[in-house]
Amino acid sequence: MPEDPAPTDGSDPSRGVYGISVVSDLLGTGVQNLRAYERAGLLTPDRTAGGTRLYSPDDVARLRRVQRLLAEGLNLVGVGRVLDLEDNLADAHEQLDRARDPQAPTSSS
DNA sequence: TTTCTAACA
DNA sequence: TGTTAGTA
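Once you know that position 65 of the first sequence is 65 in the UniProt record's numbering, the rest is easy, because the numbers rise by one and skip nothing.
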């Protein structure tokens, strides 16, 4: 059975908590595939003290991209490369924006 | 829930 | 190579 719904306020997208069965249902894939993706280094979900995987909303979005890229014909290694580049690119954008106007509203205030 | 293993396309 | 299914 799935984990607790977790009373997340949505304040931390990289810290949401989903059980693997919930994520597998969301993506329409088996739990074994999610473990395979982790094994391939496509993502690294958090673990509870007991070793149960906890997927964040960020991880779910990442997994959606994984499925998309897999459907495009890439293998797991290729998906990992793309995800790495995309992650890197997003970070580069952040730094560029920050360098352009230091007082830019990052999120609030 | 976790892991591993076997089989299939 | 990736997915699926069954097992402990």
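Ideal placement from N, C-alpha and C gives every residue a C-beta, glycine not left out. Predicted, not measured: the structure shown is a model, and the values here were computed from it.
{"Check": "Please look up how many angstroms separate the CB atoms of residue 43 and residue 59, rounded, as I've assumed it's under 8 Å.", "Outcome": "5 Å"}
{"Check": "Between 66, 68, 35, which lies nearest to residue 52 when the distance is taken from Cα to Cα?", "Outcome": "35"}
{"Check": "Look up residue 12 in the DSSP assignment and say whether it is helix, strand or coil.", "Outcome": "coil"}
{"Check": "Mind checking whether residue 40 and residue 74 have CB atoms under 7 Å apart?", "Outcome": "no"}
{"Check": "Under the three-state reduction of DSSP, which class applies to residue 59: helix, strand or coil?", "Outcome": "helix"}
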